[in-house]
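J.: Following this message is one structure expressed as structure tokens.
Numbering (UniProt numbering), first residue to last: 1 to 424.
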């Protein structure tokens, strides 16, 4: 009886429970998904659970009896062993061989894995355990890889089957009948509003949030009323975990150090501050197994991307690559924050001083050049005025010469006339 209680405890049942074969199979599926080594479980725990399931199946008469088992039962009834302990040992050994084959056929149906598996002898069973675990989960791993590829493609296409495309609706005219309170307006905006990060899908609906593990009360308590769709949440475009944020923003949000204006000093824990301000929410994704049962996964705390990016920019983070010009939402304060808080490294300081020194030297050279030009212009003006006055005097002399020449010509003409008159 103590062995039965131990096996029931390993399977997650109570001490006095008597589970049916269907309940055993369901519980076995659930535990196999969580305890398998490929899913993060321990191999010893998984093997103990498998043996407990086999023992409970044997002692609760699960499964039909085959011809070999009927022959074994008839032979055991006709031939009596010498000791009761030996009889118990033979019965357990024969039952274990049968349930091992049943266990393998069950996993074949569960994982849709078809291969030729022959039951080995009892003496070679330990050697075949490794091959058994490898071949049993081949089909499961292949299907898991296919699902992973499909998830990656969905993330690339910004697709999630829980989202619906956003259609902008016309607002009804204001009237006493359709006037809503502030609380109702907030609920209406969350229910009928589009995702703030892609603008393509509707935001997460409250009717679906709790079903898929999202804490709706924490989700809507942010003062900025951010809203996201399932695709942006899954793609981590709108929210990040603490570990993702530390890696995304180049350790600028690390509470240990903070770099500003080339100096590092201890910084407060920004993530703890967001928690105190109620700007985070918890999300525990829920997945469905093969039977359609909902299974909860890891419960994580998510932080909104705009809050994290604003603090990272304040601490000196610089966006690189495509994120420098393309952001998932329109943020007017992004460029302002970059312009207000420039990050000056020691190398930049040296370059700035060098530029300032060269600029001062160039200014001195320009001033000296300008002074020389002014002196040249002043000296050129004095010589030009002297030349001008000399030219004017020359002109006057020329005029006098011209006048005297005219007078002499007139005198010459008069002498000719007078001479002609005398001759006449």
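C-beta: ideal position from N, C-alpha, C; glycine also.
Considering only residues of the same chain and omitting the five flanking positions on each side of residue 216, which have a CB-CB separation below 7 Å?
T.: Here residue 216 corresponds to residue number 216 of the chain shown, with the count starting at 1. Here the set comprises 206, 209 and 210.
J.: Rounded to whole angstroms, what's the CA-CA distance from residue 35 to residue 318? Just pull it up for me.
T.: Your numbering for residue 35 matches position 35 in the chain shown. Your numbering for residue 318 matches position 318 in the chain shown. Each residue's alpha carbon lies about 43 Å from the other.
J.: Under DSSP, the alpha helix (DSSP H) around residue 55 begins and ends at which residues?
T.: The residue you call residue 55 lines up with position 55 of the chain shown. Run containing residue 55: 43-59, per the alpha helix (DSSP H) assignment.
J.: Pick from 371, 300 and 268: whose alpha carbon is nearest that of residue 218?
T.: Looking up residue 218 in the chain shown gives position 218. Among 371, 300 and 268, the Cα nearest to that of residue 218 belongs to 300.
J.: Could you tell me whether the Cβ atoms of residue 4 and residue 59 are closer together than 8 Å?
T.: Taking the chain shown and counting its residues from 1, the one referred to as residue 4 is at position 4. Taking the chain shown and counting its residues from 1, the one referred to as residue 59 is at position 59. Result yes, Cβ atoms of residue 4 and residue 59 sit closer than 8 Å.
J.: Less than 8 Å between the C-beta atoms of residue 247 and residue 271, yes or no?
T.: Working through the chain shown from its first residue, we reach residue 247 at position 247. Working through the chain shown from its first residue, we reach residue 271 at position 271. Going by C-beta atoms, residue 247 is not nearer than 8 Å to residue 271.
J.: DSSP puts residue 282 in a beta bridge; with which residues?
T.: As a working mapping, residue 282 is identified with position 282 in the chain shown. For residue 282, which the question treats as bridged, DSSP gives the partners 301.
J.: Looking at the secondary structure, which residues open and close the alpha helix (DSSP H) in which residue 232 lies?
T.: Here residue 232 refers to the residue found at position 232 of the chain shown. Unbroken alpha helix (DSSP H) run through residue 232: 230-235.
J.: Roughly how many whole angstroms lie between the Cα atoms of residue 230 and residue 283?
T.: Along the chain shown, read from residue 1 onward, the residue named residue 230 stands at position 230. Along the chain shown, read from residue 1 onward, the residue named residue 283 stands at position 283. About 12 Å.
J.: As a quick exercise: from 220, 224, 228 and 221, pick the residue whose alpha carbon is nearest that of residue 201.
T.: In the chain shown, counting from the first residue as 1, residue 201 sits at position 201. If we check each option's Cα against that of residue 201, 228 comes out closest.
J.: Specify the secondary structure class of residue 10 as computed by DSSP and reduced to three states.
T.: As a working mapping, residue 10 is identified with position 10 in the chain shown. Here residue 10 sits in helix by DSSP.
J.: Please state whether the Cβ-Cβ distance between residue 311 and residue 29 is less than 8 Å.
T.: The count along the chain shown starts at 1 and reaches residue 311 at position 311. The count along the chain shown starts at 1 and reaches residue 29 at position 29. No. Outside cutoff.
J.: Short check: CB of residue 31 to CB of residue 11, under 8 Å?
T.: As a position in the chain shown, residue 31 is number 31, starting the count at 1. As a position in the chain shown, residue 11 is number 11, starting the count at 1. Going by C-beta atoms, residue 31 is nearer than 8 Å to residue 11.
J.: Look at the alpha carbon of residue 251 and the alpha carbon of residue 298, and state the distance between them as a whole number of angstroms.
T.: In the chain shown, the residue the question calls residue 251 occupies position 251. In the chain shown, the residue the question calls residue 298 occupies position 298. Taking the straight line joining both Cα atoms gives about 24 Å.
J.: Leaving out five residues before and five after residue 37 in sequence, what residues of the same chain have Cβ atoms less than 7 Å from its Cβ?
T.: Along the chain shown, read from residue 1 onward, the residue named residue 37 stands at position 37. 43 and 46.
J.: Kindly indicate which residue of 141, 277, 286 and 287 has the alpha-carbon position closest to the one of residue 303.
T.: In the chain shown, residue 303 corresponds to position 303, counting from 1. Nearest option by C-alpha distance: 277.
J.: Buried or exposed: where does residue 309 fall if 16 or more other Cβ atoms within 10 Å of its Cβ makes it buried?
T.: Working through the chain shown from its first residue, we reach residue 309 at position 309. By the neighbour-count rule (16 or more Cβ atoms within 10 Å), residue 309 is buried.
J.: Should residue 22 be labelled buried (16 or more other beta-carbon atoms within 10 Å of its own) or exposed?
T.: Numbered from 1 along the chain shown, position 22 holds the residue referred to as residue 22. Exposed, since its Cβ has fewer than 16 Cβ neighbours within 10 Å.
J.: Is there at least one non-hydrogen atom of the ligand ATP closer than 7 Å to the beta-carbon of residue 199?
T.: Ligands in the displayed structure: none, and consequently the ligand ATP is not present.
J.: What residue range is occupied by the uninterrupted alpha helix (DSSP H) comprising residue 221?
T.: Indexing the chain shown from 1 puts residue 221 at position 221. Residue 221 -> no alpha helix (DSSP H), and no H or E assigned at all.
J.: Alpha carbon to alpha carbon, how far is residue 490 from residue 51?
T.: Residue 490 cannot be examined here, being either before or after the span of the chain that is shown, 1 to 424.
J.: Can you give me the start and stop residues for the alpha helix (DSSP H) that residue 34 sits inside?
T.: The count along the chain shown starts at 1 and reaches residue 34 at position 34. First-last of the alpha helix (DSSP H) with residue 34: 21-35.
J.: Taking DSSP as the reference, what is the three-state secondary structure of residue 430?
T.: Here the chain covers residues 1 to 424 and nothing more, so residue 430 does not appear.
J.: Here's the rule I'm using: 16 or more other beta-carbon atoms within 10 Å means buried, otherwise exposed. How should residue 234 be labelled?
T.: Locating residue 234 in the chain shown gives position 234, counting from the first residue. So residue 234 ends up on the buried side.
J.: Are the Cβ atoms of residue 193 and residue 203 separated by less than 8 Å?
T.: Here residue 193 is taken as the residue at index 193 of the chain shown, counted from 1. Here residue 203 is taken as the residue at index 203 of the chain shown, counted from 1. Yes.
J.: Between residue 222 and residue 307, what straight-line distance do the alpha-carbon atoms span, to the nearest angstrom?
T.: Residue numbering aside, residue 222 sits at position 222 when the chain shown is read from its first letter. Residue numbering aside, residue 307 sits at position 307 when the chain shown is read from its first letter. Cα-Cα distance, rounded: 11 Å.
J.: With distances taken from CA atoms, which of 275, 280, 249 and 254 is nearest residue 239?
T.: By one-based count along the chain shown, residue 239 stands at place 239. Residue 280 is the option with its Cα nearest to residue 239.
J.: Who pairs with residue 460 in a beta bridge, going by DSSP?
T.: Since the displayed the chain opens at 1 and closes at 424, residue 460 lies outside it and no answer follows.
J.: Compute the distance between the beta-carbons of residue 226 and residue 196, then report whether it is under 8 Å.
T.: Walking along the chain shown from the start, residue 226 turns up at place 226. Walking along the chain shown from the start, residue 196 turns up at place 196. Yes, these two residues count as a Cβ contact at 8 Å.
J.: Is residue 362 helix, strand or coil when you go by DSSP?
T.: In the chain shown, counting from the first residue as 1, residue 362 sits at position 362. Correct three-state label for residue 362: helix.
J.: DSSP on residue 250, reduced to helix/strand/coil?
T.: Numbered from its first residue, the chain shown carries residue 250 at position 250. In this structure, residue 250 counts as coil in the three-state DSSP scheme.
J.: Restricting to Cα atoms, I'd like to know which of 25, 143 and 352 is closest to residue 54.
T.: Within the chain shown, the letter at position 54 stands for residue 54. When only C-alpha atoms are compared, the closest one is 25.
J.: Buried or exposed: which applies to residue 372, given that a residue is buried once 16 or more other Cβ atoms fall within 10 Å of its Cβ?
T.: Taking the first residue of the chain shown as position 1, residue 372 is located at position 372. Exposed: under 16 other Cβ atoms inside 10 Å.
J.: By the 10 Å Cβ neighbour count, where 16 or more other Cβ atoms means buried, how is residue 438 classified, buried or exposed?
T.: Coverage of the chain is limited to positions 1 through 424, which leaves residue 438 absent and any answer about it impossible.
J.: Measure the C-alpha to C-alpha separation of residue 13 and residue 150 and round it to an integer number of angstroms.
T.: Here the question's residue 13 lines up with position 13 in the chain shown. Here the question's residue 150 lines up with position 150 in the chain shown. One C-alpha to the other measures close to 36 Å.
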